[in-house]
Amino acid sequence: MTTSTPASREIPSLDANDAETFFRDYYATEQPVIFRGVTQADGGAEEVCRALCDKIAVDTTVTERLLWYDVRQEMIDDVCTTPPVVTESMNPDTAFLRDNCVRVWFNSGGHTTPWHYDGHSLHVFNLQLKGKKRWTIVAPETPLPNMPFSKTCLFEDNSLKGKRVYEFDLNEGDMVFLPRYWFHHVHSVGELNVNVNWVLMPRQQPAATKIAARESEILWLLQKTRFAMPSGVKWMLDNFAGAGEPALNTLTQNVSFGRGVSRVAKEVIRSPMVILAIPTLIRKAKTVMKGKKILSGLLQTSQAAQKAA
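Each residue of the sequence shown is one higher than the one before, starting from 424 at the first, in the working numbering.
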């Protein structure tokens, strides 16, 4: 998966009922933590997958993304219990929330999510509902090299020397809290994996890291040049983190003109390296195509079954 990998640190674990420790030591400081055995779903992986797909197939509020579905909380309420720390985190007074604040993932064994960090300044609670995944994550203050103006890494085989790294397995019933801007690389081990993610953007300023600064500067640039942006970018800005301008302003309020202009230079100077990253782009495209095929196949099976019934 990676080269020149140093000895990784052991990721902390925490009782899912210990909300006080979680919010003080992990949420407030934007540090990852694992909750072991927090919730279960009845039945095997295929049964759970089919139950969720049956719901997705008839719910007009579902949004299909590249490799997952964005759904409303109530869709999964009778499939698994939402952990208490998630419920407390999804508070509109302390976080910007989307209507479809839950992501549902289906992956087959061998699927690998390329190195990247998540957009929209999102904290993610990732529950391994069925199957098993192997994670490698890198802290945003020791970042990996990114594509210009992108959250995807330039290379897949990154040296992790000098990085703050955690490697761990997420088993059925486990949940990891992945703070915003943490790089991650995820490999599906189980034959069939079902993951549920809860996503939110905190209303607080992000921890001061290199990637937090990069993201705020890029967003500042997009805001300032919105008039010249294609419709897709304008839509993204209008719906950023489910809130649009208030969420954007939270992140960009301290960005100066000098920092914004400097960011352009920093990103442009990296452009020639994209040629070296062509193998990464090809692998990413293959991953997306394979993932989309899995999603489409599962959904079509559910739709056909419901029509037959």
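The beta-carbon is built from N, C-alpha and C at its ideal position, and this holds for glycine as well.
Once the 5 residues before and after residue i are set aside, which same chain residues still bring their CB inside 7 Å of it?
{"i": "residue 542", "result": "574"}
{"i": "residue 478", "result": "498"}
{"i": "residue 547", "result": "541, 601, 620, 622"}
Applying the 10 Å Cβ sphere with the 16-neighbour rule, what's the burial state of residue i?
{"i": "residue 467", "result": "exposed"}
{"i": "residue 699", "result": "exposed"}
{"i": "residue 486", "result": "exposed"}
{"i": "residue 654", "result": "exposed"}
{"i": "residue 516", "result": "exposed"}
{"i": "residue 680", "result": "exposed"}
{"i": "residue 510", "result": "exposed"}
{"i": "residue 658", "result": "exposed"}
{"i": "residue 611", "result": "buried"}
{"i": "residue 494", "result": "buried"}
{"i": "residue 670", "result": "buried"}
{"i": "residue 582", "result": "exposed"}
{"i": "residue 551", "result": "buried"}
{"i": "residue 453", "result": "buried"}
{"i": "residue 603", "result": "buried"}
{"i": "residue 586", "result": "buried"}
{"i": "residue 512", "result": "buried"}
{"i": "residue 521", "result": "buried"}
{"i": "residue 639", "result": "buried"}
{"i": "residue 641", "result": "buried"}
{"i": "residue 637", "result": "buried"}
{"i": "residue 462", "result": "buried"}
On the three-state DSSP scale, how would you describe residue i?
{"i": "residue 492", "result": "strand"}
{"i": "residue 570", "result": "coil"}
{"i": "residue 589", "result": "strand"}
{"i": "residue 556", "result": "strand"}
{"i": "residue 518", "result": "strand"}
{"i": "residue 544", "result": "coil"}
{"i": "residue 535", "result": "strand"}
{"i": "residue 506", "result": "coil"}
{"i": "residue 684", "result": "helix"}
{"i": "residue 578", "result": "coil"}
{"i": "residue 652", "result": "coil"}
{"i": "residue 426", "result": "Unreliable positioning characterises residue 426 in this predicted model, as indicated by a pLDDT of 45, which lies under 50. A coordinate reading is not provided."}
{"i": "residue 431", "result": "coil"}
{"i": "residue 679", "result": "coil"}
{"i": "residue 415", "result": "Nothing can be reported for residue 415, as the shown portion of the chain is limited to 424 through 732."}
{"i": "residue 643", "result": "helix"}
{"i": "residue 672", "result": "helix"}
{"i": "residue 598", "result": "strand"}
{"i": "residue 624", "result": "strand"}
{"i": "residue 528", "result": "strand"}
{"i": "residue 550", "result": "strand"}
{"i": "residue 486", "result": "strand"}
{"i": "residue 475", "result": "helix"}
{"i": "residue 617", "result": "strand"}
{"i": "residue 609", "result": "strand"}
For my contact list, residue i and residue j are in at a C-beta cut-off of 8 Å; report their separation, rounded to the angstrom.
{"i": "residue 644", "j": "residue 691", "result": "About 12 Å separates the two Cβ atoms, so there is no contact after all."}
{"i": "residue 749", "j": "residue 594", "result": "For the chain, the structure presents residues 424 to 732; residue 749 sits outside this window and is missing."}
{"i": "residue 703", "j": "residue 579", "result": "5 Å"}
{"i": "residue 481", "j": "residue 502", "result": "Rounded, the Cβ-Cβ distance is 15 Å, inconsistent with contact."}
Who are the near neighbours of residue i in its chain, counting only those whose CB is closer than 8 Å to its CB and skipping five residues on each side?
{"i": "residue 437", "result": "444, 445, 449, 456, 457, 458"}
{"i": "residue 646", "result": "660, 671, 675"}
{"i": "residue 571", "result": "690, 691, 693, 694, 697"}
What residues in its chain sit with their C-beta under 6 Å from that of residue i, if we drop five residues either side in the sequence?
{"i": "residue 608", "result": "538, 559"}
{"i": "residue 489", "result": "711"}
{"i": "residue 701", "result": "none"}
- Item | Stretch pair the stretch 519 to 528 + the stretch 563 to 573: three plus CB contacts closer than 8 Å | No: the two stretches stay apart, fewer than three of their Cβ pairs being nearer than 8 Å.
- Task: For the stretch 530 to 541 and the stretch 698 to 715, state whether three or more C-beta atom pairs, one from each stretch, are separated by less than 8 Å.
- Result: Yes: the two stretches touch, three or more of their Cβ pairs being nearer than 8 Å.
- Message: Count Cβ pairs between the stretch 620 to 640 and the stretch 551 to 561 that sit closer than 8 Å; are there 3 or more?
- Response: Contact fails: fewer than three Cβ-Cβ distances are below 8 Å.
- Report yes or no: do three or more beta-carbon pairs, one from the stretch 630 to 647 and one from the stretch 583 to 598, lie closer than 8 Å? They do not touch, by the three-pair rule.
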